[in-house]
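Asks: Note that the protein sequences, when read in sequence, are chains A and B. Each residue of the first sequence is one higher than the one before, counting from 353 in the numbering used here. Each residue of the second sequence is one higher than the one before, counting from 28 in the numbering used here. First, the structure itself, so that you have it in front of you.
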Amino acid sequence: MMAGLSVLGVEEPFYDPLYHSEVGLAEVLITLLKVGVAFAVLLVAVMLMIWFERKLISDMQNRIGPNLAGPFGIFQTLADGIKLFFKEDLIPEQSDRLVFKLAPYLSLVPAFLVFAVVPVGGDFSGGDGRISLFGHETFLQVSDPPVGILLVLAMSSVAVYGVMLAGWSSGSKYPLLASVRASAQMVSYEAALGLSLAAVLLKSGSLSTHEIVAEQSVWNWNLWVTWVVPMVIFLIAATAELNRPPFDLVEAEQELVGGFHTEYSSIRFALFYLAEFMNTITMSAIVVTLFLGGPNGPDFTTVGWLSGLLWFFIKLMLFLFAFVWLRATLPRFRYDQLMDLGWKLLIPLSLGWLLVLASYDVAGDRGWNRGAAVIVSLAIMAALAGLLSLALRTARQRRELDPHGGFA
Amino acid sequence: MGYLQGFAVTLRKLLKGTETGRVVTTQYPDEKRAKPERFHGRHVLNRYEDGMEKCIGCELCAGVCPARCIYVRGADNPPDDPVSPGERFGYVYEINYLRCIHCDLCVEACPTEAITESKLFEFSFTNRSDAIYTKDELVVGDDGRPQQLPWEHWEPGDDEHTSAWVRATSPSGQAAYEGQVAWSGELGYGIRSPERGQSEDASADSADEEDADEHDTGDHGGHH
Numbered sequence: 353m354m355a356g357l358s359v360l361g362v363e364e365p366f367y368d369p370l371y372h373s374e375v376g377l378a379e380v381l382i383t384l385l386k387v388g389v390a391f392a393v394l395l396v397a398v399m400l401m402i403w404f405e406r407k408l409i410s411d412m413q414n415r416i417g418p419n420l421a422g423p424f425g426i427f428q429t430l431a432d433g434i435k436l437f438f439k440e441d442l443i444p445e446q447s448d449r450l451v452f453k454l455a456p457y458l459s460l461v462p463a464f465l466v467f468a469v470v471p472v473g474g475d476f477s478g479g480d481g482r483i484s485l486f487g488h489e490t491f492l493q494v495s496d497p498p499v500g501i502l503l504v505l506a507m508s509s510v511a512v513y514g515v516m517l518a519g520w521s522s523g524s525k526y527p528l529l530a531s532v533r534a535s536a537q538m539v540s541y542e543a544a545l546g547l548s549l550a551a552v553l554l555k556s557g558s559l560s561t562h563e564i565v566a567e568q569s570v571w572n573w574n575l576w577v578t579w580v581v582p583m584v585i586f587l588i589a590a591t592a593e594l595n596r597p598p599f600d601l602v603e604a605e606q607e608l609v610g611g612f613h614t615e616y617s618s619i620r621f622a623l624f625y626l627a628e629f630m631n632t633i634t635m636s637a638i639v640v641t642l643f644l645g646g647p648n649g650p651d652f653t654t655v656g657w658l659s660g661l662l663w664f665f666i667k668l669m670l671f672l673f674a675f676v677w678l679r680a681t682l683p684r685f686r687y688d689q690l691m692d693l694g695w696k697l698l699i700p701l702s703l704g705w706l707l708v709l710a711s712y713d714v715a716g717d718r719g720w721n722r723g724a725a726v727i728v729s730l731a732i733m734a735a736l737a738g739l740l741s742l743a744l745r746t747a748r749q750r751r752e753l754d755p756h757g758g759f760a
Numbered sequence: 028m029g030y031l032q033g034f035a036v037t038l039r040k041l042l043k044g045t046e047t048g049r050v051v052t053t054q055y056p057d058e059k060r061a062k063p064e065r066f067h068g069r070h071v072l073n074r075y076e077d078g079m080e081k082c083i084g085c086e087l088c089a090g091v092c093p094a095r096c097i098y099v100r101g102a103d104n105p106p107d108d109p110v111s112p113g114e115r116f117g118y119v120y121e122i123n124y125l126r127c128i129h130c131d132l133c134v135e136a137c138p139t140e141a142i143t144e145s146k147l148f149e150f151s152f153t154n155r156s157d158a159i160y161t162k163d164e165l166v167v168g169d170d171g172r173p174q175q176l177p178w179e180h181w182e183p184g185d186d187e188h189t190s191a192w193v194r195a196t197s198p199s200g201q202a203a204y205e206g207q208v209a210w211s212g213e214l215g216y217g218i219r220s221p222e223r224g225q226s227e228d229a230s231a232d233s234a235d236e237e238d239a240d241e242h243d244t245g246d247h248g249g250h251h
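Following this line, the structure appears as structure tokens:
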């Protein structure tokens, strides 16, 4: 598992080498610098992402999009932000003021924190992804906690609180209903998200994002190591988790005034907006980290660290483009279709796939025929899928026979 | 592949050189599209060729207005100096453009073709009293053209075909009425000639008058 390490002859585990020796002022300053750079880069990236999305979706809809603020309208987001900042900040009389003010930050802060564990660069082909900053060896990510991926899941759960508390504290019934709907959606898809992720963890054997990326060096990407399906599930679940089209019924702008953030205005609304797009970027970065090998790729530059950054950026743009493309193409799901897809298809499928992958590994360890093990597991999966669909059909028939029936 | 075809459609839109990727946006304040002939803009109050006002103060426009934006008061014509050829005239005539929806129902209702709509829609008044157009502002000038108020931006052609001509001819109506003139004359223009009809060839531009004569002496003469 730690092949890269034994080559280098390093005994310690994969933690950030910055903290291997004694932590002094220099280490603290470097960490602060990384935090500051990540913060600034993420904010600018969000600004550009909103612009990119608006431009690209206009191109896909025979429109022009923002074109007045700056060259190609690139400062449109900045202009919108400034406008929102100077608008009246309204807090409804019936609201729970403290929670109302807290909720936008519960949405925004997790979006920032998730990005902290994403390795954005570093040379993983020859080394273990270290770079040298002011004479100190470190990783090109803000932090590499041993529980990296769990942090990602935890933060995406905390973001649900932002949505839920925003609706609840508004003191208005429609935002409350919208937030119930939104949190139901996010909680449902978190299950599929986590289960598809389990396939990656099974293969890489670590929760640390840095180690997961190092495992995929250079072409050993989890995309094919886990046989594609987990990534497809993860992408669908991530789209739903991000409340992006076609799963954007949380704030379906053609149908609702605003969903859970109806009562928010001014900068507080801007924070939700910011968090939403920041989550899109961070979630894409997570997909790249988990399935596409992060900064891994053949070195095509002479500078070692630049190649990793460029690969990461290219892969990130691929997913950002895909998210916008999805939005431009697909019609919105109905609520029951959303729930059906999540609970009746994605969760069973990701569980079943985990079973197939595990049986493949176990067969390898025990010296059994791997192909046979996979075929048997697929057969079991098919049988279970048949049983599940039978159960669903029976349930539907019962519902139709007794449409008003309760649980009695 | 049915599910994936949509993705190809949106992707093809990115090809800007082709017909499918053509940008349809008009950069509005910088470039303006030609307006259709029957465009509904701000109203004008028309006058007859002799300068008399067409409005007779019947308040049918105010009655039919769904937005309740028209206020009319009629009064008896002064015998020595009549304003309109009829018994009464529009003494007060006000339209509130903060409420008007330009549905053209007042134009349909008007029995004397007094109120019609121009093609002007770019008028940005900056206070509420400017938004209420009075009769002095609505009535056409002595040259038969609508008056231009300081906050109005008239494009060339906005004041053409503001009269009942627009409603009275219809290329898609019955061929029997083609070339018939059923509208009154107006100040500065006289009786406008009819629009070209639907049974005509596009090449025969000058056949309007002949057609009108034929119909007058033909089977359908009885309609008048």
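Glycine included, every Cβ here is placed at the ideal spot set by N, Cα and C. Given the structure is predicted, the values throughout are model-derived calculations rather than measurements.
Going by DSSP, what residue range makes up the beta strand (DSSP E) through A:A511?
Replies: A:A511 -> not in any beta strand (DSSP E); alpha helix (DSSP H) instead, spanning G500 to S521.
Asks: Taking the CB atoms as reference points, tell me whether A:R482 and A:P598 lie closer together than 9 Å.
Replies: Not closer than 9 Å, so no.
Asks: With 9 Å set as the bound, which would you pick, yes or no: does the beta-carbon of B:R60 sit closer than that to a beta-carbon of chain A?
Replies: No, its Cβ sits nowhere closer than 9 Å to a Cβ of chain A.
Asks: Which same chain residues end up closer than 7 Å to B:R266 when comparing Cβ atoms and leaving out the 5 residues on each side of it in sequence?
Replies: The requested residue 266 of chain B is not part of the displayed model; chain B covers only 28 to 251.
Asks: How many angstroms separate the CA atom of A:F664 from the CA atom of A:P647?
Replies: Cα-Cα distance, rounded: 4 Å.
Asks: Ordered along the chain, which non-local residues of its own chain (more than five positions away) have a Cβ less than 8 Å from that of A:A724?
Replies: A715.
Asks: Pull the bridge partners of B:Y160 from the DSSP assignment, please.
Replies: DSSP, once it has assigned bridges, lists B:I122 as partnering B:Y160.
Asks: Report the three-state DSSP secondary structure of A:F424 (helix, strand or coil).
Replies: A:F424 falls in the helix class under three-state DSSP.
Asks: What residues match up with B:E80 in a beta bridge as DSSP calls it?
Replies: In the DSSP output, where bridge partners are listed per residue, B:E80 has B:R74.
Asks: Determine the closest residue to B:D186 out of B:G215, B:Q207, B:Y204 and B:T139, with distance taken between C-alpha atoms.
Replies: If we check each option's Cα against that of B:D186, B:G215 comes out closest.
Asks: Applying a beta-carbon distance threshold of less than 8 Å, which residues of chain A neighbour B:G33?
Replies: Residues of chain A passing the Cβ test: T681 and L682.
Asks: For A:T614, which residues in the same chain have their Cβ closer than 8 Å to its Cβ, ignoring the five residues on either side in sequence?
Replies: Answer for A:T614: S522, S524, Y526, P527, A530 and L608, listed in chain order.
Asks: Would A:D754 pass as an interface residue toward chain B - the criterion being a Cβ-Cβ separation below 9 Å?
Replies: No - not a single Cβ of chain B is within 9 Å of the one on A:D754.
Asks: From the beta carbon of B:K146, is the nearest beta carbon of chain A less than 9 Å away?
Replies: Chain A, which has no Cβ nearer than 9 Å to the Cβ of B:K146, makes this no.
Asks: Based on the DSSP secondary-structure assignment, which residues constitute the bridge partners of A:L485?
Replies: A:L485 is bridged to A:H488.
Asks: In whole angstroms, what is the alpha-carbon distance linking A:G738 and A:I588?
Replies: Rounded to the nearest angstrom, the two C-alpha atoms are 23 Å apart.
Asks: Chain B partners of A:N414, CB-CB under 9 Å?
Replies: Those are K40, T47, G48, R49, V50, V51 and T52, listed as they occur along chain B.
Asks: Using the Cα positions of A:K402 and A:N419, report the straight-line distance between them to the nearest angstrom.
Replies: Sequence inspection shows Ile at residue 402 of chain A; the Lys mentioned does not correspond to that position. Going from the Cα of A:I402 to the Cα of A:N419 covers about 13 Å.
Asks: Assign A:D432 to one of three DSSP states: helix, strand, or coil.
Replies: Helix.
Asks: Which whole-angstrom value is the C-beta distance of A:S459 and A:L623, which I expect to be below 8 Å?
Replies: A:S459 to A:L623, Cβ: 7 Å. Contact.
Asks: Under 9 Å, do B:R9 and B:R126 count as touching if we go by C-beta distance?
Replies: Past the edges of chain B, shown from 28 to 251, lies residue 9 of chain B, and the structure says nothing about it.
Asks: Based on Cα-Cα distance, which residue from A:N414, A:V451 and A:I382 lies nearest to B:K40?
Replies: For the residues A:N414, A:V451 and A:I382, the minimum Cα distance to B:K40 belongs to A:N414.
Asks: What are the residues of the segment 479 to 497 of chain A that lie near chain B, defined by any Cβ-Cβ distance shorter than 9 Å?
Replies: Listed in sequence order: no entries.
Asks: Measure from the C-beta of B:K81 to each C-beta in chain A and report whether the shortest distance is under 9 Å.
Replies: Not an interface residue.
Asks: Taking the straight line between their C-alpha atoms, what separation do you get for A:G611 and B:L87?
Replies: Their Cα atoms are separated by approximately 45 Å.
Asks: Can you check DSSP and say which residues form a bridge with B:A213?
Replies: Note that residue 213 of chain B is Glu in the sequence shown here, rather than Ala. Note: B:E213 sits in a beta bridge opposite B:G217.
Asks: Determine which residues share a DSSP beta bridge with B:Y98 and list them.
Replies: Paired residues: B:E121.
Asks: Take B:K162 and list the residues in its own chain whose beta-carbon comes closer than 6 Å to its own, dropping the five residues that flank it on each side.
Replies: So the list reads Y120, once near-sequence residues are dropped.
Asks: Between A:L549 and A:I619, is the Cβ-Cβ spacing less than 9 Å?
Replies: No, the Cβ-Cβ distance between A:L549 and A:I619 is not below 9 Å.
Asks: Which residue or residues does DSSP assign as beta-bridge partners of B:I142?
Replies: Answer is B:L72, bridged to B:I142.
Asks: Would you call the segment 381 to 397 of chain A and the segment 453 to 470 of chain A touching, i.e. three or more CB-CB distances under 8 Å?
Replies: The segment 381 to 397 of chain A vs the segment 453 to 470 of chain A: in contact.
Asks: Taking contact to mean at least 3 C-beta pairs separated by less than 8 Å, is the segment 689 to 703 of chain A in contact with the segment 578 to 586 of chain A?
Replies: The segment 689 to 703 of chain A, when compared against the segment 578 to 586 of chain A, does touch it at the 8 Å Cβ threshold.
Asks: Among residues of its own chain, excluding the 5 on either side of A:E628, which ones have a beta-carbon nearer than 6 Å to its beta-carbon?
Replies: Closer than 6 Å at the Cβ level, and outside the excluded window around A:E628, lies no residue.
Asks: Count the CB pairs spanning the segment 643 to 662 of chain A and the segment 536 to 551 of chain A that are closer than 8 Å, and state whether there are at least three.
Replies: No contact exists between the segment 643 to 662 of chain A and the segment 536 to 551 of chain A.
Asks: By the 9 Å beta-carbon criterion, what residues does the segment 688 to 702 of chain A contribute toward chain B?
Replies: Listed in sequence order: no entries.
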